[in-house]
Amino acid sequence: MSHALDIDQLRTFLAIAELGSFTKAGEAVHKTQSAVSMQMRRLEERVGQPIFAKDGRQSRLTEDGLRLVEYARRMIRLNDETLSAFNSRGEVGQVKLGVPDDYADRLLPEVLAAFNRLNPSIEVNVECASSFVLSRKIENDEVDVAIVTSGDMTALRGDIIRRESLHWVTSSRHCAHTMDVVRLALGPASCSWRHMCMDALDKRGRRYSIAYTSSSAAALVGAVQAGLAVTVFPESAIREGMRILDERDGFPQLSTCDIAMLRSKTANHAMHDTLCNHILAAIGNVGLQVAAE
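In terms of numbering that gives the first Met the number 0, the sequence shown opens at residue 0 and continues consecutively.
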């Protein structure tokens with residue numbers, strides 16, 4: 000006798016497949032690790048085949064588990080489309096997410112693609128702007144959720160979700176970093192990294208000039224890759240063709256960078272919780288509540 004598959008179990012299973020661990024999946028679907036494990040045991044019983052296999056301390060998908068992924072995606076999508084079609088108010092879930100462009104093209108595509116597969120009825124509209132601008136938009140309820148650099152958040156409170164090292168970077172094919180007066184490509188006056196870089200070089204006694212100023216990470220990348228200037232990026236934003244500079248190159252060590260997630264006062268729907276938990280599970284490496292500087 001066949002058994003009906005449970006959509007909630009399939010949603011948890013797909014979260015594991017997308018995020019790579021039971022722990023991260025639990026954070027994304029609001030379940031404890033023990034609850035996730037129990038759901039997967041029951042799903043295996045319903046499928047009648049092992050869908051996970053032990054690989055040292057980790058679990059990996061079996062061949063049957065890999066086959067189940069696409070079926071799970073299709074069933075979840077059909078389930079959510081059906082519920083949306085019979086929603087008497089005719090609403091479609093929409094969340095407005097703000098991100099700086101240096102994270103938009105490096106971290107967000109895979110994260111949002113995985114979110115869409117898990118939550119096909121929630122539409123995420125992305126707005127790219129500087130952290131300073133996004134913090135103001137959060138304050139004015141113009142975006143629901145924003146990922147920002149904590150130093151640019153003024154007096155807002157946020158969840159610090161990721162901590163990264165900041166690095167001086169130059170082109171791997173040019174020698175802009177060897178000039179007597181180093182040409183810098185930095186963000187605008189509101190950017191906390193700009194002032195930190197200038198202070199660090201002043202203390203080191205290294206001469207510099209601000210050759211390029213832009214709030215666009217793409218513009219700063221272009222200046223560096225063309226060999227026109229040196230800039231500062233967090234580790235996740237460093238591109239191919241860039242080289243990290245250190246003390247041996249005459250560049251002082253920089254502090255870490257805190258990446259925070261902000262929510263507007265009106266972002267109190269379950270779909271906002273779902274997106275925030277997914278981002279935290281996908282890119283977060285810390286979980287510390289702090290007051291922004």
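No residue lacks a Cβ here, since even glycine has one placed at the ideal position from N, Cα and C. Computed from a prediction, not measured in an experiment: that's the story for all the values here.
Counting C-beta pairs closer than 8 Å gives fewer than three between the stretch 118–126 and the stretch 182–198, which falls short of the contact rule. Arg-242 is positioned such that its CB atom lies closer than 7 Å to that of Ser-171. Under the Cβ criterion (8 Å, minimum of three pairs), the stretch 142–149 counts as touching the stretch 251–267. The continuous alpha helix (DSSP H) containing Glu-43 extends over residues 32–46.
Rounded to the nearest whole angstrom, the CA to CA distance from Ala-52 to Leu-13 is 16 Å.
With 16 or more other CB atoms across the displayed protein chains lying within 10 angstroms of its CB, Thr-11 is buried. Apart from the 5 residues on each side of it in sequence, Glu-17 sits with its Cβ closer than 6 Å to the Cβ of Ala-113 in its chain, given in chain order. Per DSSP, Cys-275 is one residue of the alpha helix (DSSP H) stretching across 269–282. For Ala-188, the three-state secondary structure derived from DSSP is coil.
Under the DSSP assignment, Val-28 falls in the alpha helix (DSSP H) whose first and last residues are 21–28. Contact check for Leu-253 and Met-178: beta-carbon distance about 20 Å, past the 8 Å limit, so the pair fails to qualify. Put simply, the stretch 96–108 touches the stretch 128–136. At least three CB pairs are less than 8 Å apart. Taking the CA atoms as reference points, Ile-15 sits about 48 Å from Tyr-207. Rounded to whole angstroms, the gap between the alpha carbons of Leu-4 and Ala-236 is 41 Å.
Within the DSSP secondary-structure output, Thr-230 pairs in a beta bridge with Val-168.
Taking all protein chains shown into account, Lys-202 has fewer than 16 neighbouring C-beta atoms within 10 Å of its C-beta and is therefore exposed.
Within its own chain, the residues whose Cβ lies closer than 7 Å to the Cβ of Val-110, once the five positions on either side in sequence are excluded, are Ile-278, Ala-281 and Ile-282, listed in chain order.
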